[in-house]
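Written out below as structure tokens is the structure these notes cover.
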Amino acid sequence: MSAEEYKAGDQNLTERTEPEENTFETTELTISMGPQHPATHGVLRLVLDLDGENVVKCTPYVGYLHRGVEKLGENRTYFAALPLTDRLDYISSMNNNVGYVNAVEKLFGIEAPERAKFIRTIVAEMGRISSHIIWLGTHVLDIGATTPFLHAMAQRERILDLFEMLCGARLTVSYPRVGGVRNDISQEFLDALYEFVLEFPSNMDNYETLVTENRIWKDRTVGIGVISAEEAVNWGLTGGTLRGSGVDYDIRKYAPYDAYDKIEFDVPVGKAGDCYDRYMVRVGELRQANRIIKQCIEKLPAGPVMAEAPKLTLPPKDMILKDMEHLIHQFILITKGPSIAEGEVYVATEVPKGELGFYFVSDGTGKPYRMRVRAPSFVHASVLPRLCKGALIADVIANIGTIDIVLGECDR
Amino acid sequence: MNDILKAIVGPELAGDVVNIIIILLKTAAVIAVGLLHVAFATYFERKVMAHMQVRLGPREVGPLGLFQPFADGIKLFFKEDIIPQNADKPLFYLAPVIFFASALTSLSVLPFFDGFVVGNINIGLLFLFAMSSLGAYGIVLSGWSSNSKYAFLGGLRSASQVISYEISMGLSLVGVMMMAGSFNLSDIVRAQNHYPLGIFAVPQFLGFFVFVVAAFAETNRLPFDLPEAESELVAGYFTEYSGFRFAMFFLGEYTGMLVMSSIAALCFLGGWALPAFVTANLPGFLAKALGLFCFLIKVYAFMFLYYWVRSTLPRYRYDQLMAIGWKLLIPLALGNIVITGLAKMWFKGLL
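As structure tokens, this is what we get:
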């Protein structure tokens, strides 16, 4: 069944007849879904006006997880604000870190060495797998299938173990640094990662066997939450949510950062712009992420992992304890921050959720005058009322899942 | 014993009193053993699902986690019983009782092995339908009386779901009744001996299919667990229940599943009946024990199907559920009745 046909049928279902005189007076039932609700992925609150099972109006309320990350960033040096970005989208913190350091490096006018760029690409794609696999599990769980969720969590656990092996932290990693990465990766880590990469496609096949061609899954997602390419662009959607509508826009391709210009990968694109196509796009991205990691491991160059810019990057810890120069640099950078030129910069990176942009205004001091985060989840949450127009309650759940939002990032 | 009774109540009533005592004992046995099965059905479900989901399931309480159901029960019993302030209190108290009692009452007409049934009534199947419909009142009333919007929606969903699927389930069993010529479950089991493989599931495959789907919907299990769809309605009709009232809904649901599995085993899968060459040379009690074992295997195989489906399939949407019920199952069941009737007319000697 094509999306158009399904949509036409859907409208018949939701068409309401005007009440005649002398019949029952009906009122709409207003329910508050969230902020504590099993399917709202955190603290999203939706106020739904219901006519029976049909959603007449859907109003999202955000802000329950607001911590003032942007303001906090303005009171910290560029180095000290990095851990704040972990807490934006807390299930893909590695990607946020990579986006942040890329933006700061552009502001500073430095570039990370080649090896560091490859390592960042590897960890960013690992973050993408971990985020997408959680999305896959929870989206499918919302629609009622429990098993893929637990299988997905088992896979994600392996990624977290690898992160732990890499930098000691599992969730809030803060591994990339301005000018490179915190530490070089070990051969042991690479071997374990390569093993994961080789096994991953067959694990993906397992999930897809349960979900992709499942008749009920298709009934629940094909033709649900349809948004056309034009409308999707106008709403400012990015990432898989945009590509599901058939717009071939991926920052990794159009403005490559890190090592993406040296890696071969495809950008999966949907067609109909419904939940099913967005699902297919993200499943495709999972396989592509795996492909990227594999290539990066094979092509990983040798060399240093931190840029040679002593006044703009934090010196290595062992040198601080031995060398006067490094100690002075460390002291100045930590207390006062780096001295940089005035100016502003906006750098966007492709995180699992979409386009994560960091905008800095520098007034020449060690702290940003203004830090602004362009959070894809916030934009995606705003499109929910549009997606839920004429939907049933069950479709609202499918739509929340399909836009893939994390409220930590949305509320900042 | 008889003499004492005759002395106390008089010779006319003695027989009745003995009968009543026997029925009471049977009832107690069925409820006790039935609830034990319900408890372990939850354990069985958790283990089966866990192993399908790369987990281990309960294994801490007792050997292999076997005492987990009792631990859960005790925990629920000691939980605070919260009643919403604006709830309709009498109905709120009554709803879980109706739900649980109707599920338990269904056990009374099920023949567990040859000759063992609490109430051997001639309208056993109709009685089962009546009880499962009555259980829906418990759900609807709980949704209504909780004075909570989520519970209310769950109750509404349940009402429409049960009404739609009750019809297809009733119709799916009409074929069985026609072939057996009786509503009595023991007679239905005996009637199956004359058919290939000794089961009605072969000649009544259409009816069996409709029954299985309707049974899932009747017991509110995935893929039709809309009244309690946790990702949509939090917990559906029992959102506001806690403590032992919640446990009653829980037990009622699993009792309902066991009853449905038993109906499937009795009406379609041959129940306790064993081929004559097996039972012919066995002493009576051993034949009956073997029959009971055979019946239980069928029941638990059907329960396994419940769990298997639950861990495999996503949930249907409300309108899709209705469409399946009215557009697919009811026509199929009606067609099955017509085919069975025609077959019965044409092959009179055979059937």
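So the sequences go chain by chain: A and B.
Sequential numbering from 145 applies to the first sequence in the numbering used here.
Sequential numbering from 29 applies to the second sequence in the numbering used here.
Beta carbons are placed, not taken as given, at the ideal position from N, Cα and C, and that holds for glycine.
None of the values given here were measured: they were computed from a predicted structure.
| Item | Value |
| --- | --- |
| Helix, strand or coil, according to DSSP, for A:Leu-157 in the structure here? | At A:Leu-157 the pLDDT is 46, less than 50, meaning the model places this residue with poor confidence; the figure from the coordinates comes in the next sentence. Residue state, collapsed to three classes: helix. |
| Cutting at 6 Å between CB atoms, please list the residues of its own chain near A:Ser-275, excluding the five before and the five after it. | Ile-235, Ser-236 and Pro-496 |
| Give the C-beta separation of B:Leu-138 and B:Ser-290 to the nearest angstrom, bearing in mind that I take them to be a contact with Cβ-Cβ under 8 Å. | 5 Å |
| Secondary structure at B:Asp-116, three-state DSSP: helix, strand or coil? | coil |
| Does the Cβ-Cβ distance between A:Asn-246 and A:Tyr-398 come in under 8 Å? | no |
| Less than 6 Å between C-beta atoms, sequence neighbours within five positions excluded: which residues of the same chain meet that for A:Glu-269? | Ala-433, Ile-436 and Ile-437 |
| Enumerate in chain order the residues of its own chain whose CB-to-CB distance from A:Arg-272 is below 6 Å, with the five nearest sequence positions on each side excluded. | Ala-433 and Pro-496 |
| Measuring alpha carbon to alpha carbon, tell me which residue in A:Thr-170, A:Ile-476, A:Glu-169 and A:His-181 is nearest A:Ile-541. | A:His-181 |
| Note the first and the last residue of the continuous beta strand (DSSP E) segment covering B:Glu-40. | B:Glu-40 -> no beta strand (DSSP E), and no H or E assigned at all. |
| Starting from A:Ala-433, trace the beta strand (DSSP E) both ways and give me its first and last residue. | Per DSSP, A:Ala-433 belongs to no beta strand (DSSP E); it is in the alpha helix (DSSP H), 419–443. |
| Could you check whether the Cβ of B:Ser-186 sits closer than 8 Å to any Cβ belonging to chain A? | no |
| Mapping the DSSP letters down to three states, classify B:Leu-84 as helix, strand or coil. | coil |
| Is B:Gly-43 buried or exposed, if buried means 16 or more other CB atoms sit within 10 Å of its CB? | exposed |
| Give the list of continuous alpha helix (DSSP H) stretches no shorter than 4 residues that lie fully inside the segment 265–307 of chain B. | 271–295 and 304–307 |
| Give a yes or no on whether the minimum CB-CB distance between A:Asp-363 and chain B is below 8 Å. | yes |
| Name the chain B residues that come within less than 9 Å of A:Asn-358, Cβ to Cβ? | Thr-340, Leu-341 and Pro-342 |
| I'd like to know whether the C-beta of A:Val-284 is nearer than 8 Å to at least one C-beta of chain B. | yes |
| Sorted by chain position, which residues of the same chain lie with C-beta nearer than 7 Å to A:Glu-258's C-beta, five sequence neighbours on each side aside? | Pro-445 and Gly-447 |
| Unbroken alpha helix (DSSP H) runs of length 4 or more, entirely within the segment 172–247 of chain A: which are they? | 213–218 and 226–230 |
| Give me the subset of the segment 209–234 of chain B whose CB atoms are less than 7 Å from a CB atom of chain A, sorted by chain position. | none |
| Give every residue of the same chain whose Cβ lies closer than 6 Å to the Cβ of B:Pro-124, excluding the five residues on either side of it in the sequence, and list them in chain order. | Arg-273, Met-276 and Phe-277 |
| Is the distance from the Cβ of B:Val-217 to the Cβ of B:Gly-152 below 8 Å? | no |
| Measuring CB to CB, does B:Ser-186 end up less than 8 Å from B:Pro-251? | no |
| Mind reading off the beta-carbon distance from A:Phe-475 to A:Val-322? Whole number of angstroms is fine, and I expect it under 8 Å. | Going by Cβ atoms, the distance from A:Phe-475 to A:Val-322 rounds to 17 Å, so no, they are not a contact pair. |
| Just to confirm the assignment, what range does the alpha helix (DSSP H) spanning A:Ser-506 have? | From DSSP, A:Ser-506 is part of no alpha helix (DSSP H) but of the beta strand (DSSP E) over 498–506. |
| Using the Cα positions of A:Pro-345 and A:Ala-298, report the straight-line distance between them to the nearest angstrom. | 15 Å |
| Sorted by chain position, which residues of the same chain lie with C-beta nearer than 6 Å to B:Gly-280's C-beta, five sequence neighbours on each side aside? | Phe-127, Phe-128 and Ala-131 |
| With distances taken from CA atoms, which of B:Leu-64, B:Asp-109 and B:Ala-208 is nearest B:Phe-407? | Residue 407 of chain B lies beyond the stretch modelled for chain B, which goes from 29 to 379, so this question has no answer here. |
| Residues of the segment 294–311 of chain A with a CB closer than 7 Å to any CB of chain B: list them in chain order, please. | Leu-294, His-295 and Ala-298 |
| For B:Met-331 and chain A, any beta-carbon pair shorter than 8 Å? | no |
| Report the residue from B:Ala-329, B:Gly-183 and B:Ser-160 whose alpha carbon sits nearest the alpha carbon of B:Ile-195. | B:Ser-160 |
| Alpha carbon to alpha carbon, how far is A:Arg-426 from A:Pro-412? | 8 Å |
| Against chain A, with Cβ distances strictly below 8 Å, would B:Gln-113 count as a contact? | no |
| Would A:Ala-376 pass as a contact of A:Gly-324 if the rule is Cβ separation under 8 Å? | no |
| Whose Cβ in chain A lies nearer than 7 Å to the Cβ of B:Arg-83? | Leu-294 |
| Give me the chain B residues within the contact set of A:Thr-291, using Cβ-Cβ distance strictly less than 7 Å, ordered along the chain. | Met-80, Gln-81, Ser-339 and Thr-340 |
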